[in-house]
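Each residue of the sequence shown is one higher than the one before, starting from 1 at the first, in full-length UniProt numbering. All C-beta atoms, glycine included, are put in the ideal place defined by N, C-alpha and C. Note that the structure is a prediction, hence the values are computed from the model and not measured.
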Amino acid sequence: MGRKLTDDKQGEILRTGITQFAKLGYDRANINIIAKKAGISVGVLYKYYGSKEEFFLSCVRKSLEALQAVLDPVRSAGEHPEELAEHLVRAAADFARDNREEMLLYHRITNWEKGEETRRLAREIEEESSRVYVRLMTDLARRGMLRQRVRPEYMAMFFDNLLMMLQFTGSLTYYDERWRIYCGEPDREELIRQMTSLMAGFFRESGPDAEQGE
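The structure is reproduced here in structure tokens:
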């Protein structure tokens with residue numbers, strides 16, 4: 001029986017898979033090439049992961065672990081909404097800048113049309129963070145900091161959607177070019193400031209135009 005792979009080696013295998021799936025997509029990525037680049041046999045890879053699809057899903061989970069950690073709003077739940085928005089926007093922008101392959105893989109799985117398997121993957125990836133964001137928005141509503149005519153679950157989805165698009169803008173070539181078309185030469189700090197201002201504005205209810213409760 002072969003020796004058990006170390007955690008470091010398993011991490012290297014997943015890292016190699018993330019790189020190949022991000023670059024080529026699920027269908028074009030070749031397990032033989034991945035195994036060779038990782039310095040193992042195809043048999044060893046299948047021993048640990050069973051199938052190409054199982055390995056792909058393991059790579060997806062691994063690639064999103066760090067993203068979910070840095071975007072955990074629980075750590076900022078007590079902050080004023082504008083501070084919360086700035087914290088999450090900067091964390092999202094930093095992650096996108098430093099982890100382009102993870103963002104490319106995330107973008108690929110949003111276009112991975114495999115029927116119920118895609119739905120299951122979306123639930124696995126998104127359900128926990130969605131619960132956290134909905135709880136956060138519900139808490140802000142109770143504190144009088146959320147627009148009263150927007151349901152917390154919808155505000156949570158819109159908030160997260162904007163963070164996702166911010167990350168694509170900061171890491172993927174197509175979205176980078178859109179940024180240039182709309183705004184001229186990219187300015188990362190200006191992007192963060194403008195997105196923070198936009199997202200923080202969703203929560204304000206002061207001034208003559210403030211929405212009134214029903």
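In chain order, what residues of the same chain have a beta carbon less than 6 Å from the beta carbon of residue i, not counting five sequence neighbours either side?
i, result
"Glu214", "Legend: pLDDT at Glu214 = 40, less than 50; position of this residue unreliable, no value from coordinates given."
"Ala141", "Pro152"
"Lys9", "none"
"Met103", "Ala96, Gln167, Ser171"
"Arg120", "none"
Beta-carbon within less than 8 Å of residue i's beta-carbon, same chain only, minus the 5 sequence neighbours each way: which residues are those?
i, result
"Asn32", "Val42"
Kindly give me the distance between the Cβ atoms of residue i and residue j, rounded to whole angstroms, as I take these residues to be in contact under 8 Å.
i, j, result
"Ile34", "Gly17", "5 Å"
"Met195", "Val89", "5 Å"
"Gly49", "Ser63", "With the sequence shown as reference, residue 49 is identified as Tyr, and Gly is not the correct amino acid for it. Not quite, the Cβ-Cβ distance comes to about 15 Å (not below 8 Å), so this is no contact."
For the ligand GDP, is there any heavy atom lying closer than 7 Å to the beta carbon of residue i?
i, result
"Met157", "Although the ligand GDP was asked about, the structure shown includes no ligands whatsoever."
Helix, strand or coil for residue i per DSSP?
i, result
"Ser171", "coil"
"residue 219", "One cannot answer for residue 219 here, as it falls past the ends of the chain, which runs 1 to 214."
"Pro152", "helix"
"Asp187", "coil"
"Arg3", "coil"
"Leu146", "coil"
Pick from the options: whose alpha carbon is nearest that of residue i?
i, options, result
"residue 216", "Thr110, Glu124, Asp160", "What the structure shows of the chain is the stretch from 1 to 214, and residue 216 is not part of that stretch, so it cannot be assessed."
"Met155", "Thr118, Ser58, Phe203, Arg123", "Phe203"
"Leu67", "Cys183, Leu191, Tyr174, Met164", "Met164"
"Glu117", "Ser130, Glu54, Asp98", "Glu54"
Ignore the nearest five residues each way along the sequence and tell me which others in residue i's own chain have a CB closer than 7 Å to its CB.
i, result
"Ala29", "Gln20, Phe21"
Scan the UniProt domain "HTH tetR-type" (7-67) and note each continuous alpha helix (DSSP H) run of 4 residues or more that stays entirely inside, going in chain order. Within the UniProt domain "HTH tetR-type" (7-67), the complete alpha helix (DSSP H) runs of at least 4 residues are 7-28, 31-38, 42-49.
At what residue ranges does the region 72-140 contain a whole run of the alpha helix (DSSP H), taking only runs of 4 or more? Complete alpha helix (DSSP H) runs here, min 4: 81-98, 100-109.
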